Ligand SMILES: [Zn+2]
């Protein structure tokens, strides 16, 4: 059964959730609080994001954004559409840097929106600015597990 990854924003525990359970209000296995799914996208904060990045065997895409940022809001539908397209390959994350300024500071985010891909616990690539969907998917494709590097051991 294919699963995705999410970390709990309350206790920080990393959870693996089968895709079919995403829409059923899955709860944290440790503290029983609701896991922060919005469709295929998860909200993470400075407590949960580092744990998710360390644990996940899928690449993590993070959209650092804020509610007051016009380009962030106009990029949101693109991000949502692309998350549906690539949701099996990546974990799509949003971090509200207004609600949690520390989360942006931890990853050196200076302007928003900033998009960062983490693979194997490390930052793989980042780009700033709201991208049109074709550019976003092209940029994302560079970080796909099958692209560019031999993942066979
Ligand atoms: Zn929890």
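Numbering (the numbering used here), first residue to last: 2 to 154.
The C-beta atom is built at its ideal place from N, Cα and C for all residues, glycine as well.
No experiment lies behind these values; they were computed from the predicted model shown.
Apart from the 5 residues on each side of it in sequence, residue 29 sits with its Cβ closer than 8 angstroms to the Cβ of 9, 11, 12, 14, 16, 35 and 36 in its chain, given in chain order.
If you ignore the 5 residues before and after residue 131, its C-beta comes within less than 8 angstroms of the C-beta of 72, 73, 75, 76, 79 and 114, all in its own chain and listed in chain order. In the structure shown, residue 120 falls within a strand segment according to DSSP collapsed to helix, strand and coil. At a cut-off of 3 residues, the continuous stretches assigned as beta strand (DSSP E) that sit fully inside the stretch 65 to 131 are 92 to 97, 115 to 120 and 123 to 129. With respect to residue 118, residue 54 sits apart: the two C-beta atoms are not nearer than 8 angstroms.
The residue among 145, 41, 101 and 32 with its C-alpha nearest the C-alpha of residue 22 is 41. In chain order, 79 and 83 place their CB closer than 7 angstroms to the CB of residue 137, counting only its own chain and leaving out the 5 sequence neighbours on each side. Counting along the chain, residue 52 sits inside the alpha helix (DSSP H) bounded by residues 50 to 56. When the beta-carbon positions are compared, residue 63 and residue 18 stay at least 8 angstroms from each other. Residue environment: residue 69 is assigned as exposed (fewer than 16 neighbouring CB atoms within 10 Å of its CB, all protein chains considered). Relative to ligand 1, the nearest heavy atom lies less than 7 angstroms away from the CB of residue 14.
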